[in-house]
Amino acid sequence: MISSLSSSRLLIAAAVAALLSACAAPAANTAAAPAQPAGGHGHAAFMGSYDVNRDGVVSRDEYDTLRKQRFAAGDANGDGWLSEAEYVAEYEGRLKQQYQSEGREPDARYMGSIRQAHVRFGIIDKNKDGRYTVDEDMAIAERTFKEADSNGDGQVTADDSKKK
Ligand SMILES: [Ca+2]
Ligand SMILES: [Ca+2]
Ligand SMILES: [Ca+2]
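Every position in the sequence shown, counted from 1, becomes a number in our numbering once 106 is added.
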């Protein structure tokens, strides 16, 4: 009697243990962010765009380095600032790459994004002199990073996705 009771308890214990370990098993990570989004808002877009080494953390260094690289790449004539044409061309280059990597042809949305880039230039060129300068870029970098770093620990991680 006693032995059969304890063995059924053992069975239950084993079943519970199996259940627990099944729950504890890591879920397959299928919700990956787009590989290299050219733009967009929100946490996933920020991580996709700036987490260069894909370790789930965007450090301030990593972020600033990439922004400076983009700025330098965009400054086609090397005069130290971006004209509207340079700014939009740099953005379009990345957008084109994103479309190509997804096997898509430029569509209405693509054209809309380019139009938006022109509008954006008018906003980020804060003093409206037609030149987007390093100072203007760094001011926006500062603001954008702080917005993304919602818990204020100086780096952007999954913790910051629980917004506001
Ligand atoms: Ca990183
Ligand atoms: Ca330039
Ligand atoms: Ca300016």
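Beta carbons are placed, not taken as given, at the ideal position from N, Cα and C, and that holds for glycine. All figures in this text were calculated on a predicted structure; none of them were measured in a lab.
Measuring alpha carbon to alpha carbon, tell me which residue in the options is nearest residue i.
{"i": "Gly148", "options": "Asp241, Arg215, Glu253, Asn257", "result": "Glu253"}
{"i": "Val240", "options": "Arg215, Asn159, Gln175", "result": "Gln175"}
{"i": "Asp161", "options": "Thr263, Val194, Gly209", "result": "Thr263"}
{"i": "Glu291", "options": "Arg173, Glu208, Arg215", "result": "Only positions 107 to 270 of the chain appear in the structure, and residue 291 is not among them; the question remains open."}
{"i": "Glu168", "options": "Asp157, Tyr216, Ala178", "result": "Asp157"}
{"i": "Ser271", "options": "Gly209, Thr171, Glu198, Met244", "result": "This structure leaves residue 271 out entirely; the chain is present only between 107 and 270."}
{"i": "Met244", "options": "Gly154, Ala191, Val163, Thr171", "result": "Thr171"}
Leaving out five residues before and five after residue i in sequence, what residues of the same chain have Cβ atoms less than 6 Å from its Cβ?
{"i": "Ser165", "result": "Gln261"}
{"i": "Lys232", "result": "Glu242"}
{"i": "Phe152", "result": "Ala254"}
{"i": "Val163", "result": "Gln261, Thr263"}
{"i": "Phe177", "result": "Asp243"}
{"i": "Ser259", "result": "Reading the sequence as shown, one finds Asp at residue 259 and not Ser. Within the same chain, Asp259 has no close Cβ partners at all."}
Please return the same chain residues whose Cβ sits closer than 8 Å to the Cβ of residue i, not counting the five positions on each side in sequence.
{"i": "Asp213", "result": "none"}
{"i": "Lys234", "result": "Gly228"}
{"i": "Glu211", "result": "Tyr205"}
{"i": "Asp255", "result": "Gln261, Val262, Asp266"}
{"i": "Asp257", "result": "Looking at the sequence itself, residue 257 is Asn, so the reference to Asp does not match. Excluding sequence neighbours, Asn257 sits near Asp265, Asp266."}
{"i": "Asp181", "result": "Trp187, Leu188, Glu192"}
Enumerate in chain order the residues of its own chain whose CB-to-CB distance from residue i is below 7 Å, with the five nearest sequence positions on each side excluded.
{"i": "Tyr238", "result": "Trp187, Leu188, Tyr193, Phe227, Ile230, Asp231"}
{"i": "Ala179", "result": "Glu196"}
{"i": "Ala137", "result": "Per-residue confidence for Ala137 stands at a pLDDT of 38, beneath the threshold of 50, marking its modelled position as unreliable; the derived number appears in the next sentence. No residues qualify anywhere along the chain."}
Contact between the region 170 to 185 and the region 216 to 226 (3+ Cβ pairs under 8 Å):
no
Check whether the region 201 to 216 and the region 241 to 248 touch, using three or more Cβ-Cβ pairs below 8 Å as the test.
no
Can you check the region 132 to 218 for any alpha helix (DSSP H) of at least 4 residues that lies completely inside it and give the ranges in chain order?
Entirely contained in the region 132 to 218, the alpha helix (DSSP H) runs reaching 4 residues are, in chain order, 148 to 156, 166 to 180, 190 to 207.
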